[in-house]
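**Q**
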Amino acid sequence: MKHKISLQVKCPHCRKSLMDDEVILHGFPSIKLNIQTPEDRGIVNLCSVYECFDHVSSLKTKKDTVVDFSCPQCNKELLVKEECRLCDAPMVSFVLQSGGRVNFCSRHGCSNHYVAFDDLSTELARFYEEFGH
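Here it is, written out as structure tokens:
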């Protein structure tokens with residue numbers, strides 16, 4: 086990773102920050118979420134650096150398991166009606182604090198993810214302004 090871009094995200098429902106200053110991954114606050122598998126429920130902290138898939142979880146999740154993600158503040162589910170283009174699992178979505186959203190696959194082990202902007206010119210300008218690229 087040449088330039089580390091730490092994405093600051095919030096819940097699309099309650100709009101509260103999902104950033105966790107207590108669990109730092111690669112020098113940046115992590116993204117804290119509630120998770121549920123068919124067997125158990127727990128908490129996961131995802132690395133906030135774009136293109137980094139590192140995480141710390143209270144659960145051991147088997148590869149290929151579809152995981153349900155929810156906001157730790159309002160407990161609303163973060164899965165959206167979009168299916169992963171690679172494996173057909175539901176996608177998970179957050180709102181970027183700088184505008185736009187981040188989507189990633191809910192299947193453990195799938196690497197599909199992307200950043201999307203609703204108003205491309207305005208939100209992309211804000212994104213570049215925030216990250217200086």
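Each residue of the sequence shown is one higher than the one before, counting from 86 in the working numbering. Glycine included, every Cβ here is placed at the ideal spot set by N, Cα and C. It should be emphasised that the depicted structure is a prediction, and the values quoted were computed from it without experimental measurement.
For Gln121, list the residues DSSP reports as bridge partners.
**A** The residue you call residue 121 lines up with position 36 of the sequence shown. BP columns for Gln121 point to Arg126 and Asp153.
**Q** How many whole angstroms separate the CB atoms of Cys132 and Leu110, which I take to be in contact at a CB cut-off of 8 Å?
**A** The count along the sequence shown starts at 1 and reaches residue 132 at position 47. The count along the sequence shown starts at 1 and reaches residue 110 at position 25. 4 Å between Cβ atoms; contact.
**Q** Between which two residues does the beta strand (DSSP E) harbouring Lys199 extend?
**A** Within the sequence shown, the letter at position 114 stands for residue 199. Here residue 199 is Tyr; the residue named in the question, Lys, does not match the sequence. Residues His198 to Ala201.
**Q** List the whole-angstrom C-beta distance separating Ser91 from Asp105, where the pair is believed to meet the contact cut-off of C-beta under 8 Å.
**A** Within the sequence shown, the letter at position 6 stands for residue 91. Within the sequence shown, the letter at position 20 stands for residue 105. Incorrect: roughly 12 Å between the Cβ atoms, too far for contact.
**Q** For the candidate residues Asp125, Ser191, Glu107 and Pro123, whose alpha-carbon lies nearest to that of Lys117?
**A** Your numbering for residue 117 matches position 32 in the sequence shown. The option with the nearest alpha carbon to Lys117 is Glu107.
**Q** Quick one: what does DSSP say Phe179 is sitting in, helix, strand or coil?
**A** One-based indexing of the sequence shown puts residue 179 at position 94. Note: Phe179 maps to strand in three-state DSSP.
**Q** Using 8 Å for Cβ pairs, my map puts Asn130 next to Arg170. What's the rounded Cβ distance?
**A** Stepping through the sequence shown from its first residue, residue 130 is reached at position 45. Stepping through the sequence shown from its first residue, residue 170 is reached at position 85. In fact, because the Cβ distance is near 26 Å, the residues do not count as touching under 8 Å.
**Q** Since Arg159 and Cys99 are thought to touch, with beta carbons under 8 Å apart, how far apart are those beta carbons, to the nearest angstrom?
**A** Against the sequence shown, residue 159 aligns to sequence position 74. Against the sequence shown, residue 99 aligns to sequence position 14. In the sequence as presented, Arg is not what sits at residue 159; that position holds Cys. Rounded, the Cβ-Cβ distance is 4 Å, consistent with contact.
**Q** Roughly how many angstroms separate the alpha carbons of Ile120 and Thr146, rounded to a whole number?
**A** In the sequence shown, the residue the question calls residue 120 occupies position 35. In the sequence shown, the residue the question calls residue 146 occupies position 61. Distance between the alpha carbons of Ile120 and Thr146 is about 10 Å.
**Q** Have a look at Lys89 and Ile128 and give me their C-alpha separation to the nearest angstrom.
**A** Mapped onto the sequence shown, residue 89 falls at position 4. Mapped onto the sequence shown, residue 128 falls at position 43. Whole-angstrom Cα-Cα distance: 24 Å.
**Q** What are the residues that DSSP puts in a beta bridge with Asp173?
**A** Indexing the sequence shown from 1 puts residue 173 at position 88. DSSP output for Asp173 lists no bridge partner at all.
**Q** Could you check the C-alpha separation between Ala201 and Gly184 for me, to the nearest Å?
**A** Locating residue 201 in the sequence shown gives position 116, counting from the first residue. Locating residue 184 in the sequence shown gives position 99, counting from the first residue. Cα to Cα, the separation comes out at about 9 Å.
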